[in-house]
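Asker:
Numbering (my numbering), first residue to last: 334 to 612.
1. Since residue 558 sits in a beta bridge, which residues does DSSP pair it with?
2. In the DSSP assignment, the beta strand (DSSP E) including residue 370 goes from what residue to what residue?
3. Would you tell me roughly how many angstroms separate the C-alpha atoms of residue 409 and residue 542, rounded to the nearest one?
4. If you draw a straight line from the C-alpha of residue 525 to the C-alpha of residue 476, how long is it?
5. Flag this pair as yes or no: are the beta carbons of residue 498 and residue 465 separated by less than 7 angstroms?
6. Based on the DSSP output, what are the partners of residue 522 in its beta bridges?
7. For residue 565, which residues in the same chain have their Cβ closer than 8 angstroms to its Cβ, ignoring the five residues on either side in sequence?
8. If residue 324 sits next to residue 610, beta carbons under 8 angstroms apart, how far is it from one beta carbon to the other, in whole angstroms?
9. Determine the contact status of residue 596 and residue 554, defining contact as a CB-CB distance below 7 angstroms.
10. Looking only at C-alpha atoms, which of 379, 557, 584 and 562 sits nearest to residue 530?
11. Between the alpha carbons of residue 482 and residue 551, how many angstroms are there, rounded?
12. Tell me residue 574's beta-bridge partners as DSSP assigns them.
13. According to DSSP, is residue 357 helix, strand or coil?
14. From the DSSP output, in three-state form, read off residue 529 for me.
15. Which residues share a DSSP beta bridge with residue 483?
16. DSSP state of residue 566, grouped into three classes?
17. Please report the straight-line C-alpha distance between residue 528 and residue 474, rounded to a whole angstrom.
18. Helix, strand or coil for residue 410 per DSSP?
19. From 385, 520 and 500, pick the residue whose C-alpha is nearest to that of residue 492; which is it?
20. Based on the DSSP secondary-structure assignment, which residues constitute the bridge partners of residue 553?
21. Run through DSSP, which three-state label would residue 427 get?
22. Within the same chain, show all residues whose beta-carbon is closer than 6 angstroms to that of residue 417, passing over the 5 residues directly before and after it, in chain order.
23. Would you kindly check if the distance between the Cβ of residue 484 and the Cβ of residue 371 is under 7 angstroms?
24. Any beta-carbon of chain C closer than 7 angstroms to the one on residue 467?
25. Put residue 388 into one of helix, strand or coil per three-state DSSP.
26. Decide if residue 478 is buried, meaning its Cβ has at least 16 other Cβ atoms within 10 Å, or exposed.
27. Quick one: what's got a C-beta closer than 6 angstroms to residue 619's C-beta in the same chain, skipping five residues either side?
28. Does the separation of the CB atoms of residue 523 and residue 463 fall below 7 angstroms?
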């Protein structure tokens with residue numbers, strides 16, 4: 334009598350084949366979801382360098398003797414440390430971080446006049462030592478548009494900035510010598526907007542341009558900071574490269590209190606150089 338043959342080994346082999354194909358499909362789907370991004374972008378990058386700027390400085394400090402204002406000072410080139418980092422999430426989203434510190438001491442003439450209506454004008458004039466330190470950091474989310482060698486980015490986030498201004502001056506007030514010592518320090522968080530473009534000539538030679546703005550209205554500590562830069566990235570080896578850029582930064586910040594107001598305006602422009610690692 335012939336009995337139907339059981340084929341457990343064949344069934345097992347078939348299931349194994351189907352499982353292998355399904356696993357391969359999942360792996361392929363996962364790989365597709367994390368396909369290579371635009372050659373203009375990196376999965377992760379970290380840069381350390383410096384911004385060599387030629388500043389133009391203007392400050393005013395309120396005092397019992399009126400508002401003392403400096404003329405536009407150009408004290409010479411200053412070098413500021415700068416750190417940046419970028420993280421790509423998926424193929425078109427990412428996070429961007431940037432930090433720099435501006436610190437400078439100034440010596441120059443400060444003066445001011447206040448009208449007292451029918452009682453005349455109040456005049457003050459003297460030489461002032463000014464110490465200015467600004468810390469600036471920003472963290473933003475970026476959305477990159479495009480998949481080829483050129484991508485455009487839109488960003489939004491927050492910026493943290495802290496400024497310290499110290500003033501020491503001997504002032505002649507309507508013919509009488511007085512001494513002024515003022516120190517103002519404060520910090521704030523403000524919204525940030527960014528736009529940028531990246532273009533890869535090839536995977537090891539790329540161009541970029543960025544524009545960002547921070548603005549905080551109202552409150553005790555307010556003002557705006559605008560940055561613009563453009564440059565080139567060159568990678569002589571796969572994961573390490575050199576970044577050269579030219580940038581312009583405009584800072585206009587004011588701090589108000591119940592007795593005084595301090596305002597600082599700084600314009601910075603000059604080249605930057607970074608050592609960049611990418612992964």
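C-beta: ideal position from N, C-alpha, C; glycine also. None of the values given here were measured: they were computed from a predicted structure.
Answerer: In brief:
1. 547 and 584
2. Where residue 370 is concerned, there is no enclosing beta strand (DSSP E), given that its DSSP letter is neither H nor E.
3. 26 angstroms
4. 14 angstroms
5. Yes, they are a contact pair.
6. 493
7. Closer than 8 angstroms at Cβ, skipping near neighbours: 538, 539, 540, 541, 576, 577 and 578.
8. There is no way to answer for residue 324, as the model of the chain reaches only from 334 to 612.
9. Judged by beta-carbon spacing, residue 554 lies beyond the 7 angstroms limit of residue 596, meaning their Cβ atoms are not closer than that value.
10. Among 379, 557, 584 and 562, the Cα nearest to that of residue 530 is on 562.
11. 42 angstroms
12. Note: residue 574 sits in a beta bridge opposite 609.
13. Legend: pLDDT at residue 357 = 43, less than 50; position of this residue unreliable, value from coordinates given subsequently. In this structure, residue 357 counts as helix in the three-state DSSP scheme.
14. strand
15. 532
16. strand
17. 11 angstroms
18. Taken through DSSP and simplified to helix, strand or coil, residue 410 comes out as coil.
19. Residue 492 has its Cα closest to that of 520, out of 385, 520 and 500.
20. Bridge partners of residue 553: none, in fact.
21. strand
22. 380 and 431
23. yes
24. No chain C appears in the structure shown, which is made up of a single protein chain.
25. coil
26. exposed
27. This structure leaves residue 619 out entirely; the chain is present only between 334 and 612.
28. no
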